[in-house]
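Engineer:
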Amino acid sequence: MPRIPDRFIDELLARVDIVEVIEHRVPLKKAGREWTACCPFHNERSPSFFVSPQKQFFHCFGCGAHGSAIKFLMDYERLEFPDAVEELARTAGMEVPREGGSEHARDDFDELYAVLEEAACWFQRELTQSPAAQAYCTQRGLSADTLRRFRIGWAPSGWDGLQRALGGNAARMQLLEQAGLLASNEQGRRYDRFRERLMIPILDRRGRVIAFGGRVLEGDGPKYLNSPETALFHKGRELFALWQVRQLASTLQRIVVVEGYLDAIALHQHGLPQAVATLGTATTPEHTEMLFRATPDVVFCFDGDRAGRGAAWRALEATLPRLRDGRQAYFLFLPEGEDPDSLVRKEGGAAFAQRLAAAMPLSEYFFEHLAEDVNVATLDGRARLAERVRPLLARLPDGAFRDLMQQALQARTGVSSRAPAATAPARAPARRASAVRRSLVREAIAVLLADPALAAEVAPPWSFAAASQPGVALLIELLELARARPGAPVAALLEHFSGRSEADALHKLALIDFPEAHDLRSEFLGALAQLTRQAHAERLDQLTKKLQQQGLSAPEKSELQALHAMRRHGQA
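So the mapping is simple: the numbering used here equals the position in the sequence shown, first residue as 1, plus 162.
As structure tokens, then:
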């Protein structure tokens, strides 16, 4: 699929003013060289959200949110990366280019979206022609407004109704097959994939139809039949009704995750328009990241049977790595024999809302589930519980919630998690450049992020690459990135590492301010020179030991002599 080139991201972030982007959405106040506000991503009374016009990024010292103008739009407006780039480019009067795919491929996607939209309209028209389907909708309590809002339709019986309506020629038939609307038998004959099913369109985050879920009214076959995965649809990355829920972005406080399409639709119809559904798959890490981008609180609602609790635990495991401070997850288990659709129709929206309000916090369900078959009254039982809990706690991001979960483990078992205590978040921008001198690598990275143009001062091969200090590979990657993208703002370099484990550490180093009179060039080159000396000293020690133990090859002897000479001249 075509991608947005890095050079455009660099130019975009260099052209826009992050202060202006954020100030249109959050009131900022000048604070020295930066701007500050109460963080829009968590509740706080005193400002801990800072915006740096020099480095073109934001950082919250309370919840840890950080990034470029693109990342701010992703988090604040609940946009995906390409959509955030498009929005930012629009305000800057720039056209977003694509590369890595042909223009013909882009046209194919436009045509796929178009044919899926046509199919949705056709299914909707067919619903008005089917008394049986309309009776089923009435039986399920689906109002005319709900049918219209979710664009529910009907796939009639027969093997070629959709083909006859939307096919027309070989190219159109090919598109219908690529869209997942047709299937083929062993003889290669195409037929309509969906027949005699209530058709529920699945929308992407722009409200475009990308797939369908078909619900059988009665008879044989699976209850639900989903579109196969296509170029537009990946079920592990999509959530049904998320587009409808996101229309409430300004007031959205929580999202409820259920398992079925009609479960989600029923909750919407009964005054709970926060419900989404997974698409016949377990909750994935991609799902949880999408959910927490939209809201700080997520309630997972499952049947109370064994299958429902199994699905709930899988959802918990997918959620743990995303639970940074300010995010909360809850679990609601329904009475046996009930699902959200049946229960909300039986007791009403207000009663169901009370159930949601009383949902079990993740922390409570976490320890309850892990201790189900453990006797915590015995030493052996407490040890077993601790061993089960530790690897799961390690998945939590650093922060207050992780600290409290570790304390809860110790309170239940008397055993420490042995995890290092997280430091309290700073409440003001870090200013002490001397803090990075504890590590030469961190010092070099911090200075390079303060002035990326310094990368042009050095060139490969990197003589310090063999140094054993942690982070050398990251330093080299950052150097190569800055050299390959001269003039790129710091925010663009950090954007390259977005989603990676090193991203938070890099951002913290980028926060360090050096005095204006500070000689960054001398400090940077000095740090690299010292790293080089360390690498040479380590190599000298290796060769000396090998010489004593088993002897050296001719090239190694020459290398050893060169290193001794460098040491005599103070270079190693």
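All C-beta atoms in this analysis are idealised placements derived from N, C-alpha and C, irrespective of residue type, glycine included. The model shown is predicted, which means the values in this text are computed figures rather than measured ones.
1) In chain order, what residues of the same chain have a beta carbon less than 7 Å from the beta carbon of residue 548, not counting five sequence neighbours either side?
2) Which residues bound the alpha helix (DSSP H) around residue 333?
3) State the DSSP-derived secondary structure class of residue 685, mapped to helix, strand or coil.
4) Helix, strand or coil for residue 719, going by three-state DSSP, please let me know.
5) For the beta strand (DSSP E) that contains residue 354, what are its first and last residues?
6) By the DSSP assignment, the alpha helix (DSSP H) with residue 236 in it spans what residues?
7) Can you tell me whether residue 473 is buried or exposed? The criterion is at least 16 other CB atoms within 10 Å of its CB, across all chains shown.
8) Using the C-alpha atoms, what's the distance from residue 486 back to residue 557?
9) Thinking just about the alpha-carbon of each residue, which of 236, 238, 206 and 218 is nearest to the one in residue 225?
10) Does the segment 603 to 614 come into contact with the segment 196 to 213, if we say contact requires no fewer than three beta-carbon pairs (one atom in each stretch) closer than 8 Å?
11) Can you give me the start and stop residues for the beta strand (DSSP E) that residue 463 sits inside?
12) Could you tell me which uninterrupted alpha helix (DSSP H) segments, each at least 4 residues in length, are contained entirely in the segment 628 to 669, listed from first to last along the chain?
13) Please classify residue 316 as buried or exposed, where buried requires at least 16 neighbouring CB atoms within 10 angstroms.
14) What are the boundary residues of the alpha helix (DSSP H) that residue 314 is part of?
15) Which residues mark the beginning and the end of the beta strand (DSSP E) in which residue 327 is found?
16) For residue 511, which residues in the same chain have their Cβ closer than 7 Å to its Cβ, ignoring the five residues on either side in sequence?
17) Looking at the strands, I want to know which residues DSSP matches up with residue 537.
18) For the beta strand (DSSP E) containing residue 735, list its first residue and its last residue.
19) Which value, in whole angstroms, describes the spacing of the CA atoms of residue 428 and residue 502?
20) Tell me the DSSP secondary structure of residue 375 in three-state form.
21) By the 10 Å Cβ neighbour count, where 16 or more other Cβ atoms means buried, how is residue 465 classified, buried or exposed?
22) From the beta carbon of residue 321, is the nearest beta carbon of chain B less than 8 Å away?
23) For residue 537, count neighbouring Cβ atoms within 10 angstroms of its own Cβ and tell me buried if that reaches 16, exposed if not.
24) With the cut-off set at 8 Å, would you say residue 418 and residue 437 are in Cβ contact?
25) How is residue 622 classed by DSSP in three states: helix, strand or coil?
26) Between which two residues does the beta strand (DSSP E) carrying residue 345 extend?
27) Report all residues from its chain with a CB closer than 7 Å to the CB of residue 567; omit the five preceding and five following residues, and keep chain order.
28) Does the segment 655 to 666 touch the segment 677 to 686, meaning 3 or more C-beta pairs lie closer than 8 Å?
29) Assign residue 297 to one of two classes, buried (16 or more other C-beta atoms within 10 Å of its C-beta) or exposed (fewer than that).
30) Could you give the first and the last residue of the continuous beta strand (DSSP E) run that contains residue 214?
31) Suppose the cutoff is 7 Å on Cβ atoms and the five residues either side in sequence are ignored; what does the same chain contact list for residue 319 look like?
32) If you drop the 5 nearest sequence neighbours on each side, which residues of the same chain put their C-beta closer than 6 Å to that of residue 454?
33) Are residue 414 and residue 461 close, meaning C-beta to C-beta below 8 Å?
34) Quick check on DSSP: helix, strand or coil for residue 244?
35) Where does residue 440 fall in DSSP's three states?
36) Looking at the secondary structure, which residues open and close the beta strand (DSSP E) in which residue 221 lies?
Structural biologist: If we stick to the structure as given:
1) 571, 575 and 577
2) First-last of the alpha helix (DSSP H) with residue 333: 332 to 340.
3) helix
4) Assignment of residue 719 by DSSP, reduced to helix, strand and coil, places it in the helix class.
5) Going by DSSP, residue 354 is part of the beta strand (DSSP E) stretching over 352 to 354.
6) 231 to 239
7) buried
8) Rounded to whole angstroms, residue 557 to residue 486 spans 11 Å at the Cα level.
9) 206
10) no
11) 459 to 465
12) 634 to 646 and 652 to 658
13) buried
14) First-last for residue 314: undefined, no H or E at that position.
15) It is not in any beta strand (DSSP E) - residue 327 instead sits in the alpha helix (DSSP H) that spans 323 to 328.
16) In its chain, beyond the 5 residues on either side, 432, 433 and 434 have a beta carbon closer than 7 Å to the beta carbon of residue 511.
17) Partner(s): none; residue 537 has no beta bridge.
18) No answer is possible for residue 735: it lies beyond the span of the chain, which begins at 163 and ends at 734.
19) 8 Å
20) strand
21) Residue 465 should be labelled buried.
22) Looking for chain B here will not work: only one protein chain is present.
23) exposed
24) yes
25) coil
26) 344 to 346
27) 525, 555 and 558
28) no
29) exposed
30) 211 to 214
31) Cβ-Cβ distances below 7 Å link residue 319 to 357 and 358 in the same chain, with the five nearest sequence neighbours on each side left out; the list follows chain order.
32) 484 and 489
33) no
34) helix
35) coil
36) First-last of the beta strand (DSSP E) with residue 221: 219 to 222.
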